[in-house]
Amino acid sequence: MAEPPPALQAEQRQQSSSRSPTGSPPATEQSNFQQTQAEIVAHQAETIIEAGDDSEDPGYETEADSRFSTSISSSVRDYAFEHGRRYHKFREGRYKFPNDESEQEREDMKHAMVVSLCGGKLHYAPLNNPQNIIDIGTGTGIWAIDAGDEYPSAQVLGIDLSPIQPTWIPPNVKFMVDDAESPWLHPPNAFDFVHIRHMNSSIKNWPKLLTTAYNHIQPGGWIELQELQFVLKCDDGTMKDDYDVEKFLRFVKEGLAVFGVDLLAVTGNAQRLRDAGFVNVEEKVFKIPLGTWPKNKTMKMIGLYLRSVIYDGLQGIALGPFTKGLKWSPEDVELFLVGVRKSLMDASVHSFLPFHVAYGQKPTES
Ligand SMILES: C[S@@+](CC[C@H](N)C(=O)[O-])C[C@H]1O[C@@H](n2cnc3c(N)ncnc32)[C@H](O)[C@@H]1O
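Numbering of the sequence shown is given in the working numbering, commencing with residue 22 and proceeding in unit increments.
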């Protein structure tokens, strides 16, 4: 299972030592403390995030966390290049965002953010000794690798358009280049868990993908979708209508729509699972703060992750949808991003993105 990110570990160490000047607290006390932290975060994420003092912002310099950087194992012929960024070559143009190392670092940061938000959980579906797991659009493979560690007796397969996954992986984890929206070559009922995360910016036909997944899940098996809803929200009126980050997200949505991708499809996920035949469908919606404005230290760190994920990704996220979809010039994109960067660093705006977790089960009699 994923370890808590360094900032969280540091916070836990600091708070533990202030309670016990002679050393670490006993293991049980520590786990009670960690549970309390996770409970506070889970509660705030599902209700209202308490804002802290704006002057506490540690600044962008402290955000670079590259401990998750991965190596690439594929040759240069597998890639396409444009505007100085690297893209996938297999089914070229299908996914509008880069796959280079800075993008991979960002994806791994997103993983740390989501796992922290979820109190260390890799999924919410109530799995019972899963044996065959597939991770659709696995990216750097970080979730699949963690799942391989958590379920050593399971086989975990990660598929992606890009061969960017590391080679040093647990023996029960495999990666394959494949297009999830093409027919799956695996036998029917092959998997007992299908995991899909952060794919709203790519999938064109969700009902078809979910039906395909349904056919390849064995009776009683589970599917889980975890997606950010890219619409900024605010509970305390500090976000104004002309907030540039919100405009940025709107343009990304419009640019992707030109290619038949609905960036906000996430809001229909639970119903789409039911429509595909899944039962026992549950949905949880969390708030992910954008920036360091929350009072709670773990929430603050999660907000720092989200801000870094967006700040570091602005150019890579914008280039495809803005230049190819909306026909902006690369220069216009860069000019627009100046204002977005400034807005992102404004700690007086207490905005957040909803994060949806939806899961369902294939009926045992089917
Ligand atoms: C935003 S990343 C998410 C990565 C990973 N799911 C995670 O949460 O860490 C999206 C990934 O999906 C892959 N992808 C997009 N469309 C795909 C498709 N049709 N089939 C397979 N992979 C796809 C991209 O190449 C990219 O690596």
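The C-beta atom is built at its ideal place from N, Cα and C for all residues, glycine as well.
Determine whether the beta carbon atoms of residue i and residue j lie at a separation below 7 Å.
{"i": "L178", "j": "I163", "result": "no"}
{"i": "G324", "j": "A368", "result": "no"}
{"i": "P187", "j": "G169", "result": "no"}
{"i": "F7", "j": "F376", "result": "Absent from the structure is residue 7, since the part of the chain shown begins at 22 and ends at 387."}
{"i": "V266", "j": "L365", "result": "yes"}
{"i": "E275", "j": "A291", "result": "no"}
{"i": "P315", "j": "G73", "result": "yes"}
{"i": "D99", "j": "K110", "result": "yes"}
{"i": "Y332", "j": "M134", "result": "no"}
{"i": "N236", "j": "P208", "result": "no"}
{"i": "Q58", "j": "M320", "result": "no"}
{"i": "I180", "j": "I217", "result": "no"}
{"i": "K131", "j": "V370", "result": "no"}
In angstroms, rounded to a whole number, what distance separates the CA positions of residue i and residue j?
{"i": "R112", "j": "S203", "result": "11 Å"}
{"i": "E60", "j": "V300", "result": "28 Å"}
{"i": "A297", "j": "L231", "result": "6 Å"}
{"i": "V354", "j": "Q336", "result": "8 Å"}
{"i": "M220", "j": "Q382", "result": "20 Å"}
{"i": "Y108", "j": "E67", "result": "36 Å"}
{"i": "P310", "j": "S137", "result": "13 Å"}
{"i": "G281", "j": "V359", "result": "28 Å"}
{"i": "D86", "j": "E126", "result": "Its pLDDT being 32, under 50, D86 is placed unreliably in this model, and the value from its coordinates should be taken loosely. In a straight line, the C-alpha of D86 is about 9 Å away from that of E126."}
{"i": "A175", "j": "L148", "result": "12 Å"}
{"i": "E352", "j": "R106", "result": "15 Å"}
{"i": "T233", "j": "I224", "result": "13 Å"}
{"i": "E386", "j": "E103", "result": "50 Å"}
{"i": "V194", "j": "A165", "result": "7 Å"}
{"i": "S372", "j": "D129", "result": "22 Å"}
{"i": "A101", "j": "G258", "result": "43 Å"}
{"i": "M260", "j": "F357", "result": "19 Å"}
{"i": "D263", "j": "A339", "result": "19 Å"}
Is residue i near ligand 1 - that is, is its Cβ less than 6 Å away from at least one heavy atom of it?
{"i": "E202", "result": "yes"}
{"i": "D265", "result": "no"}
{"i": "R218", "result": "yes"}
{"i": "Y116", "result": "yes"}
{"i": "L182", "result": "yes"}
{"i": "E128", "result": "yes"}
{"i": "H377", "result": "no"}
{"i": "S329", "result": "no"}
{"i": "S223", "result": "yes"}
{"i": "H132", "result": "yes"}
{"i": "G289", "result": "no"}
Cβ pair count under 8 Å reaching 3, the region 278–290 against the region 238–256: yes
Do the region 227–244 and the region 340–360 make contact, defined as three or more Cβ pairs closer than 8 Å? no
Any beta strand (DSSP E) of 3 or more consecutive residues that is wholly inside the region 250–316: 300–310
Those runs of the beta strand (DSSP E) which lie wholly inside the region 155–242 and span at least 3 residues: 176–181, 194–198, 212–218
Which ranges would you report for the alpha helix (DSSP H) in the region 315–374 if only whole runs of at least 4 residues count? Listed in chain order, they are 318–340, 351–365.
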